[in-house]
Structures are given as C-alpha cells and as structure tokens.
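Single-structure report; data block below.
Residue numbers (our numbering): 17 to 376.
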C-alpha cells in the first residue's frame, strides 16, 4: 500500500484563493512552535512581531514604504511568470536601476535641475537599465536556449560587483571618511514625502500606478492574453502561432523595468545615496510575493503588505526579543514552503494505492 498523487480534472477556484490564507496560518503555527523552542513567550513574540511594528503612525508609514518595492517588483515578475518566463534576477536589475538613477542624481549635483525634470529622468533611466540587464537573459534564452533562471540569477552578482566598484572607486564620496558610499543626493533628486513624520514617499504612488497598468496589460491587451494562454496551455499557444520568443522578451523586460524603477525609488527615497547594498533582498522576496498574490495585481498588493510586515517584525523581534535577524528569512521560507505544498493539494489529490499482489 502506498500514497500517490492523482491530478484533479480542474482546480477549485475557492481552493486557489484559500491556499495563500492557509499557508499564512500554517506559517504562524510554525512561528508559535519556534518562539516556544527559543524560550520566548509566543503571545508576546507575536505581539512584537506583528502588532508592535504597525502600532504607530511611523510604523504604518514604514509598512507602506517597504511594501512599495515588493509590490513593484512582484508585479513585473508576475507578467513573465504567467507565461512561464522565470526571471529570478530582479535583485540585480534593481541594483542596475539604482546605479542608473543614482548616476543621474550625482551628475546633476548642485546644478539646480528642477525635480520635475530630474526625477522622471532618473525613473526612466532606472527602467531602461533594468530592462537592459534583463535583456541579457532574454537574448541568451531566445538565441541559445540558455535557462533564464540561471543567467538572471548569476547576473545579480555581476550587478553587485559593479555597484561595489563604483562606490569604492569613481563615485566614492570624498568627504565620506573613506566609507564606501556615494555623495548624498540633493533635494531635487529625492522623492517627495507623502506622510509627515514618516519616511513614506511617492514611490508608493508609482508602485500602485504600475499595478494598475499591469492589470490593464494582462486583462485588456492582446499580448497579455497571449501570455496567459502560453502559461496555461503551451501546446495550444504554439498551435495558435503565439510567439514564445516574444513572450520571453516581454516577460523579462517587464520584470527588469519594474525592478529598475524600484532601485531608483530606493536610492531616491529612504537611502538618498548609493551604498554597497541597495536592497535587503527585495528582489528575491518579491518572488514569494508574486506567488502568494497568485500572480494577480490585486493579490500582489496584499501579499506585499504581508511580506513588508515580516521585514518590520524581524527588526522588531531583534530589538525587543533579542532574536537573530534570520527569523525574517525563516518566516519567508516557511511561507513559500507551505504555499508550494498547498498548491500541490490544489492541483492533485492524495490517493491510497493498494499493494500489487506478489508474482509466483
């Protein structure tokens, strides 16, 4: 006797929607066990992790601030993921976007370029450089059939090394006491604040605008429809003459553009300069956000808030409970694990198969 997986004829829409909820609840249950094992009061730990970070006006601003790049990057990735184009290198594309936008800000310097010109130019430059970095993987996939998973991931390290060379070398702040960092951006190169007393900036509005445009592209455009068909039924898409190469280019460029804009928003927002690391891992966390949000723009908005809360909760747990920073990664990984497990049960059912009779 053994247990086998049997494919369902059709996945339940209710199960598809409820799977992320059940995965989140299972993650919380694991957190309860982990806090107990670490000798912490689970109720106090959950309060410090999920309630205390957003109990103030500043905390709510931080929640929305950290959700903005996650929302933006996950939306771009979801466009490609719907067509089975697996861009894993958004972290590197974010870095290239920050370099491009930051380079414009540094070049402008004290030239008194108005924000109305400088900020849009920085955003466009970040999007173009993010797209160019993603285009390398798209070209390798369409020209040599190289896996975009591997190439986009390896390019993350190249992007980080490029940023490190710039801020250790030609872009290092001469008045920065030899720290690896660029000069501070001028006020004209900083995104305007949205909520007084917090660090929340206009990057949130940019992210929401991109989410709206992604929904229109996916649901109201011919190319978006073809990408959905390619993801759901590759054989039917090929029979209908839908170009797989075009889908690869669209998926990779959409992810690269959104990640590049997110890099500019980080550089011109809470950081205000170029540093050795422009992201605490938003490019990788956004992959989880995309799948928790079911690759749907509205779902991604809520999933980005959840992931942002995990980041804030991890920082709060370090300060108030003396827990290691790895607890944030633990929750992120556990959430992804349970989501994948839930997806298996959404598409398959468990069936007990009887043992075969012994042959004489």
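Even glycine gets a Cβ: it sits at the ideal position worked out from N, Cα and C.
Which residues in the same chain have their Cβ closer than 6 Å to the Cβ of residue 20, if we skip the five residues on either side of it in sequence?
367, 369, listed in sequence order.
Among the candidates 294, 219, 43, 102, whose CA atom is the shortest distance from the CA of residue 178?
Taking only the C-alpha atoms, the option nearest residue 178 is 294.
Around the Cβ of residue 91, are there at least 16 other Cβ atoms within 10 angstroms (buried) or fewer (exposed)?
Residue 91 is buried by the Cβ-count criterion.
Exposed or buried, residue 157, counting other C-beta atoms within 10 Å across all chains shown (16 or more means buried)?
Looking at its Cβ environment, which holds 16 or more other Cβ atoms inside 10 Å, residue 157 is buried.
Three-way DSSP call (helix, strand, coil) for residue 89 in this model
Correct three-state label for residue 89: helix.
Tell me whether residue 23 sits in a helix, a strand or coil according to DSSP, three-state version.
Taken through DSSP and simplified to helix, strand or coil, residue 23 comes out as strand.
Applying the 10 Å Cβ sphere with the 16-neighbour rule, what's the burial state of residue 181?
Exposed: under 16 other Cβ atoms inside 10 Å.
Closer than 7 Å by C-beta to residue 218: which residues in its own chain qualify, once you throw out the five before and the five after it? Chain order, please.
Taking residue 218 as the centre and dropping the five residues before and after it, the same chain places the C-beta of 207, 208, 210 closer than 7 Å to its C-beta, in chain order.
Proximity test, Cβ basis, 8 Å: residue 201 and chain D:
Although the question refers to chain D, the structure presented lacks it and comprises just one protein chain.
What is the DSSP secondary structure of residue 97, reduced to helix, strand or coil?
Residue 97: helix per DSSP, three-state reduction.
On the three-state DSSP scale, how would you describe residue 325?
Residue state for residue 325 is assigned as helix, using DSSP reduced to three classes.
My understanding is that residue 305 touches residue 319, with C-beta atoms under 8 Å, so please give their C-beta distance in whole angstroms.
Yes, they are in contact, since the Cβ atoms of residue 305 and residue 319 sit about 5 Å apart, within 8 Å.
Sorted by chain position, which residues of the same chain lie with C-beta nearer than 6 Å to residue 264's C-beta, five sequence neighbours on each side aside?
The residues are 101, 154, 157, 158.
How would you write the range of the alpha helix (DSSP H) that residue 226 sits in, first residue to last?
Run containing residue 226: 219-236, per the alpha helix (DSSP H) assignment.
Between 87, 28, 325, which has its C-alpha nearest residue 312's C-alpha?
Nearest C-alpha to residue 312: 87.
Quick check on the DSSP output: what are the complete beta strand (DSSP E) runs of length 3 or more inside the stretch 339-376, in order along the chain?
Runs found: 364-369.
At least three beta-carbon pairs within less than 8 Å, the stretch 127-147 to the stretch 266-280
Taking 8 Å as the limit for Cβ pairs, the verdict is that the stretch 266-280 does touch the stretch 127-147.
Can you tell me whether residue 356 is buried or exposed? The criterion is at least 16 other CB atoms within 10 Å of its CB, across all chains shown.
With fewer than 16 Cβ atoms within 10 Å of its Cβ, residue 356 is classed as exposed.
Nearest-angstrom Cα separation, counted from residue 111 out to residue 279:
Near 6 Å, if we compare the C-alpha coordinates of residue 111 and residue 279.
Using three-state DSSP, classify residue 18 as helix, strand or coil.
Strand, per DSSP.
Using 8 Å as the threshold, is the stretch 51-71 in touch with the stretch 223-240, meaning 3 or more CB pairs across them?
With a cut-off of 8 Å, the stretch 223-240 and the stretch 51-71 do not count as touching, because too few Cβ pairs lie within range.
So is residue 243 buried or exposed if we call it buried at 16+ other beta carbons inside 10 Å?
Counting Cβ neighbours within 10 Å, residue 243 comes out buried, since at least 16 surround it.
In terms of residue numbering, what span does the alpha helix (DSSP H) encompassing residue 294 cover?
Unbroken run through residue 294: none, as it is neither H nor E.
One or two residues paired with residue 209 in a DSSP bridge
Residue 209 is bridged by DSSP to 217.
Residue 32 - DSSP class collapsed to helix/strand/coil
Looking at residue 32 - three-state DSSP - the assignment turns out to be helix.
Under the three-state reduction of DSSP, which class applies to residue 259: helix, strand or coil?
When secondary structure is reduced to three states using DSSP, residue 259 falls in the coil class, being assigned neither helix nor strand.
Go through its chain and collect everything with a Cβ distance to residue 240's Cβ below 7 Å, but skip five positions before and after it.
Cβ neighbours of residue 240 beyond the five flanking positions: 233, 234.
Is it buried or exposed for residue 99, if we count other Cβ within 10 angstroms and need 16 for buried?
Around the beta carbon of residue 99, a 10 Å sphere encloses 16 or more other beta carbons of the protein chains shown; the residue is thus reported as buried.
For residue 161, three-class secondary structure by DSSP:
Under the three-state reduction of DSSP output, residue 161 falls in the coil class, being neither helix nor strand.
Proximity winner among 80, 176, 204, 171, relative to residue 131 (alpha-carbon distances)
Nearest option by C-alpha distance: 204.
Coarse secondary structure for residue 186, derived from DSSP in three states
Collapsing the DSSP output to three states places residue 186 in coil.
So, is residue 325 buried or exposed, given that buried needs 16 or more other C-beta atoms within 10 angstroms?
In summary, residue 325 is buried, with 16 or more beta-carbon neighbours lying within 10 Å of its beta-carbon over all protein chains present.
Assign residue 309 to one of three DSSP states: helix, strand, or coil.
Here residue 309 carries a coil assignment [DSSP, helix/strand/coil].
Chain-order list of residues whose beta-carbon lies under 7 Å from that of residue 341 (same chain, five-residue window excluded)
Around residue 341: 330, 334.
With a cut-off of 8 Å on the beta carbons, I'd call residue 289 and residue 201 a contact; round off their distance for me.
Right, the Cβ-Cβ distance comes to about 6 Å (below 8 Å), so this counts as a contact.
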